[in-house]
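Take a look at the structure below.
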Amino acid sequence: MPDRPDFSGWSCPLPLRDYPNIVIGHGGGGKLSAELVEHLFLPAFRNTALADLGDAALVEVPSGRLAFSTDSFVVRPLFFPGGSIGDLAVNGTVNDLAVSGARPLFLSAGFILEEGFPLADLARIVECMAAAARNAGVAIATGDTKVVEKGHGDGCYINTAGIGVRIDGIEIGPSLARPGDAILVSGFIGDHGMAIMSVREGLEFETVIESDCAPLHEMTAAIFQAAGAAVHAMRDPTRGGLGSTLNEIAQASKVGIAIDEIALPVRAEVQSACDLLGLDPVYVANEGKLVAVVEAAAAPMVLEVMRRHPKGRDAAIVGRVTAEHAGLVVARTGLGANRVIPMQIGEQLPRIC
Amino acid sequence: MKYLTEFRDGAIARKLADEICHTVTRPWKIMEVCGGQTHSIIRHGIDQLLPPSLQLVHGPGCPVCVTPLELIDRALAIAALPNVIFCSFGDMLRVPGSEKDLFRVKSEGGDVRIVYSPLDAVNLARRNPTKEVVFFGVGFETTAPANAMAVHLAKKEGLRNFSVLVSHVLVPPAIEAIMQSPANQVQAFLAAGHVCSVMGYWQYPPLAARYRVPIVVTGFEPLDLLEGIRRAVRQLEAGRAEVENAYARVVTFEGNRPAQELLSQVFEVTDRAWRGIGVIPQSGWRLSPAYREFDAELRFQVTGIHTHESPLCRAGDVLRGAIKPTDCSAFGKECDPRHPLGATMVSSEGACAAYYNYGRFISADELAHA
Amino acid sequence: MCLAVPGRVEEIYEGFGSRMAKVNFGGVVKEVCLAYVPEITVGEYTIVHVGFAISRIDEAEAKLTLDTFRELGMLDEEFATEEQHFERAAASPPAECDSSSCQTEK
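Protein sequence lines, in the order shown, are assigned to chains A, B and C. For the first sequence, the positions run 1 to 353 when my numbering is used. For the second sequence, the positions run 1 to 370 when my numbering is used. For the third sequence, the positions run 1 to 106 when my numbering is used.
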């Protein structure tokens, strides 16, 4: 990521150089707004739907059920080890669509910027989004920018909404977990939350902990292709971590979930950081992980599929669904005793995504 | 993490638990003093490995929980003052006062900051010379050296805008108060390992002798706790009442001399009211005359404080070990970490918080067979 | 707050008018005040609470404790019957102990 925006590949960057920071006019719908679109968003996002610049984007989607998702991003700080608000904004919505059994196609991007926000930072964020979109195979087809007075925003907030088309023959949902199903996690938990912590709390990490922010659409597609109807539920555990996601599934499906703590994949430095701060990795946010609930017989195959993907090398089977203690998630501790992992009350760490 | 992970070994833990099971022939009640120990026990499920005749009683080792409600209200009033930057440790944020908590004060415009170390508060005072920086100095003897150093540095540098709201409590008087209570059933103590790393354990032999109780200095990881319990049980079965150190890699008999020296300069012993228990004589520390100018209670005269305890809250009974959190009718209903009635439900060392956060609202029986 | 964690002293220097150190807690490095452990040197381990080192870890004691733990039950192992060895190997780690005074059944 360049420190100063590289405008060399863009058409006519000159007008932008006159304004090193965002001003109210950039959100006003007039000349300044148009220049921002023409000289920043369009060149970065580069697609025909956007280039038409209509009030709405007109896109072609294959036939089938549409999946539709939205998310807003208010993370602090905007740039952190392993990513930025831009990466989260694209991958977050891509992943919500992917774990819903859809192929992500198009995104919208709404920006709320604070007067005085450095244009260089906006350009960095936009470049991140463009790269993430290309990587995820989606087009940012429409967008909007508003500017609020200084002191009334926090630099930059982003909302993205996304549409995708449901893969044929996939029936999944949080209420479809069944006793006997296996629970898999695609890799190390807690990386994103601790990456944010590391820059907030001024913790120097010898090994830098990077956010795991990544698109999971290829992994999910491969899982659905290999296991089909054996996949009952799939979620991406963001805020609230794995613990919250498992509780949601347990409650929606009216089943119990039994987890083996020793099987949970946690990086050593993340565990250390959690020990230091008195946090539990099970509640720490992720931005590039998925939880899959699959028929027990299909679990080894799904594990194999996950591990073949670069983002799934550390995937593991971490537990199973049970008819006992419906609605509760129970973990077997390292000592062989049991403890409940309850739904977390309140925010362990605010403004995480 | 070295010297942490090894002491969580599951196989060794079960061996220690086996030893305990083979030693126990009668019912016993052992109190772990420190809230950190309570949390570790519940988190790892250590009590599930023990025979049912061996009961662990949770002690008052939660300094936030035993801070008088009146002082909490005073802290909230100070935090709400304009021009004050109020600093405290993270888990103080949701401790309920009579009307509100620090989180509410913050949302109403109070400048409330979470700090990891009291030195962070001193830094804030250096960087904000026009503001009054107040640090909420709550803790047992473990935290006192850090707070003492903060005040000492402030005095050395002449930081006029720094002050501390002191709520320091001492462990040995608490043990005495528990043993002196007519309702007491505790037969042995696991002393707080990190308190002892500062103070040593020279204060305990007279207590062990006077009250005929084994006192074992114990750490916090599963193996440390099980070893502490094992030694206590061995003494109880043999009819002994001695002081043992089961945390020898960290604790020595004399304790930390440099820390004790600064403590004796910065603090002096005073009577203290323990919330839910009452006044325990000579059980707390306040700033000594040489450092009294940094006392936030004297610096900020806040008035109009109306203190009233929630009638439903039974934190006091929990702190004395008279009931378990799940025995309280409000547990998990009117009282949870989002809407706590008392400090024990939100402090990182509160027993109610441990029970709630590790899901002890299902019965032990259900849990064992899950 | 009694949350205190063990870490390795990596670097010692002066700061805040006191002896300070960079301490490594299993990969996480934080600045710590060494005012209360004046004798500690680089490479040694210490217990840290709210940014202050409050005790030096006696590594010999730590080793002794762990060795004692590991030897626990070894005498039992030596004299156990072949059947008992097989049983132990076959069983998944039990949470319950096998004394009759224990609460949970196997």
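Quick reminder that beta carbons are idealized off the backbone N, C-alpha and C, glycines included. Predicted model, so just to flag it, every value in this text is computed and none were measured.
Selected residue, minimal CA-CA separation from residue i, among the options
i: Asp271/B; options: Val198/B, Ala80/B, His168/B; result: His168/B
i: Ala214/A; options: Asn286/A, Phe111/A, Val23/A, Ala34/A; result: Asn286/A
i: Phe45/A; options: Ala132/A, Val185/A, Ser175/A; result: Ala132/A
i: Thr303/B; options: Leu69/B, Thr23/B, Asp73/B, Val24/B; result: Asp73/B
i: Pro104/A; options: Leu122/A, Ile341/A, Glu60/A, Pro77/A; result: Glu60/A
i: Pro173/B; options: Ile280/B, Arg14/B, Arg338/B, Arg231/B; result: Ile280/B
i: Phe300/B; options: Thr143/B, Val164/B, Val66/B, Leu225/B; result: Val164/B
i: Gly200/B; options: Gly158/B, His152/B, Ser117/B, Thr252/B; result: Thr252/B
i: Ile158/A; options: His152/A, Thr145/A, Gly164/A, Lys150/A; result: Thr145/A
i: Leu335/A; options: Ala296/B, Ile46/B, Gly239/B; result: Ile46/B
i: Glu141/B; options: Val198/B, Pro96/B, Arg126/B; result: Val198/B
i: Ile305/B; options: Met1/B, Leu69/B, Gln37/B, Val269/B; result: Leu69/B
i: Asn184/B; options: Ile30/B, Ala13/B, Phe135/B, Ala353/B; result: Ile30/B
i: Ala221/A; options: Arg134/A, Val305/A, Phe111/A, Thr245/A; result: Val305/A
i: Val99/A; options: Asp191/A, Leu122/A, Ile223/A, Phe205/A; result: Ile223/A
Same chain only: Cβ atoms within 6 angstroms of residue i, ignoring 5 sequence neighbours per side
i: Ile215/B; result: Phe189, Ala191, Tyr204, Ala208, Val243
i: Ala148/B; result: Leu262, Leu263, Val266
i: Gly25/A; result: Leu32
i: Arg166/A; result: Gly64, Arg65, Ala67, Gly101, Ala102
i: Asp111/B; result: Ile85
i: Arg94/B; result: Asp101, Phe103, Val346
i: Ala57/A; result: Ala49, Ala141, Thr142
i: Asn95/A; result: Leu216, Asp236
Outcome for residue i when other beta-carbon atoms lying within 10 angstroms are tallied against a minimum of 16
i: Gln383/B; result: An answer regarding residue 383/B cannot be provided, because it is not within the stretch 1 to 370 covered by chain B.
i: Asp3/A; result: Residue confidence for Asp3/A is low, a pLDDT of 45 falling below 50, so the modelled location carries little weight; the figure read from the coordinates is stated next. It counts as exposed.
i: Pro311/B; result: exposed
i: Asn91/A; result: buried
i: Met1/C; result: The predicted position of Met1/C is uncertain, since its pLDDT is 46 and thus under 50; a value taken from the coordinates is nonetheless stated next. The residue is buried, with at least 16 neighbouring Cβ atoms inside 10 Å.
i: Asp336/B; result: buried
i: Ser8/A; result: The predicted model places Ser8/A with a pLDDT of 49, which falls under 50 and marks its position as unreliable, so this point remains unresolved.
i: Leu40/A; result: buried
i: Arg160/B; result: exposed
i: Asn256/B; result: buried
i: Leu225/B; result: buried
i: Trp274/B; result: buried
i: Arg313/A; result: exposed
i: Ala91/C; result: Here Ala91/C scores only 46 on pLDDT, less than 50, and its place in the model is too uncertain to base an answer on.
i: Ile85/A; result: buried
i: Asn83/B; result: exposed
Contact set between residue i and chain C, taken where Cβ atoms lie within less than 9 angstroms
i: Pro182/B; result: Ordered by position in chain C, no residue passes the 9 angstroms Cβ test against Pro182/B, which lies about 29 angstroms from the chain.
i: Asn256/B; result: Tyr36, Val37, Ile54, Ser55
i: Glu360/A; result: Outside the modelled stretch of chain A, which goes from 1 to 353, sits residue 360/A, for which no answer is possible.
i: Ala248/B; result: Asp58, Glu61, Ala62, Leu64, Thr65
Close-in-space but distant-in-sequence residues of the same chain around residue i (CB under 7 angstroms, 5 per side omitted)
i: Asp181/A; result: His232, Val293, Val294, Glu295, Ala296, Arg320, Val321
i: Gln271/A; result: Pro281
i: Tyr19/A; result: Leu119
Beta-carbon contacts of residue i that lie in its chain and below 8 angstroms, excluding the five residues immediately before and after
i: Glu14/C; result: Met20
i: Ala323/A; result: Pro179, Val255, Gly256
i: Glu221/B; result: Leu4, Phe7, Arg8, Ser40
Beta-carbon neighbours of residue i, restricted to chain A and to distances below 8 angstroms
i: Asn357/B; result: Pro342
i: Val5/C; result: Asp275, Leu276
Chain B contact residues for residue i, given Cβ-Cβ distances below 7 angstroms
i: Gly15/C; result: Per Cβ cutoff of 7 angstroms: no residues; Gly15/C is ~10 angstroms from chain B at best.
Near the ligand ATP: residue i beta-carbon under 6 angstroms from a heavy atom
i: Gly116/A; result: Summarising the ligand content, the structure contains no ligands, and the ligand ATP is consequently not present.
Under 8 angstroms from the C-beta of residue i: neighbouring residues of chain C
i: Ala354/B; result: Residues of chain C passing the Cβ test: none, with the nearest at roughly 13 angstroms.
i: Lys155/B; result: In chain order: nothing, as chain C lies at least about 12 angstroms away.
Neighbour list for residue i in chain B, Cβ cutoff strictly below 9 angstroms
i: Val9/C; result: Neighbours of Val9/C on chain B: none; closest Cβ ~12 angstroms, over 9 angstroms.
Beta-carbon neighbours of residue i, restricted to chain B and to distances below 8 angstroms
i: Ser272/A; result: Met1
Interface partners of residue i on chain C, CB under 7 angstroms
i: Glu19/B; result: Leu72
Neighbouring residues, chain A, relative to residue i (Cβ below 7 angstroms)
i: Pro222/B; result: Leu335
Chain C contacts from the segment 179 to 211 of chain A (Cβ-Cβ distance under 7 angstroms): Leu203, Glu204, Phe205, Glu206, Thr207
Between the segment 17 to 48 of chain C and chain A, which residues of the former have a C-beta closer than 7 angstroms to a C-beta of the latter? Asn24, Phe25, Gly26, Gly27, Val28, Val29, Lys30
Taking beta-carbon pairs under 9 angstroms, can you tell me which members of the segment 53 to 73 of chain C lie near chain B? Ile54, Ser55, Arg56, Ile57, Asp58, Glu59, Ala60, Glu61, Ala62, Lys63, Leu64, Thr65, Leu66, Thr68, Phe69, Arg70, Leu72, Gly73
Proximal residues, the segment 194 to 208 of chain B versus chain C, C-beta separation under 8 angstroms: His194, Val195, Ser197, Val198
The segment 21 to 32 of chain B: positions lying closer than 7 angstroms to chain C by Cβ: Cys21, His22, Val24
Residues within the segment 307 to 341 of chain B neighbouring chain A, beta-carbon criterion of under 7 angstroms: Asp336, Pro337, Arg338
Give me the subset of the segment 2 to 15 of chain B whose CB atoms are less than 7 angstroms from a CB atom of chain A, sorted by chain position. Leu4, Arg8, Gly10, Ala13, Arg14
Anything in the segment 95 to 119 of chain B with a Cβ closer than 8 angstroms to a Cβ of chain A? List those residues in chain order, please. Tyr116
Interface residues of the segment 323 to 334 of chain A facing chain B [CB-CB below 8 angstroms]: Glu324, His325, Leu328, Val330, Thr333, Gly334
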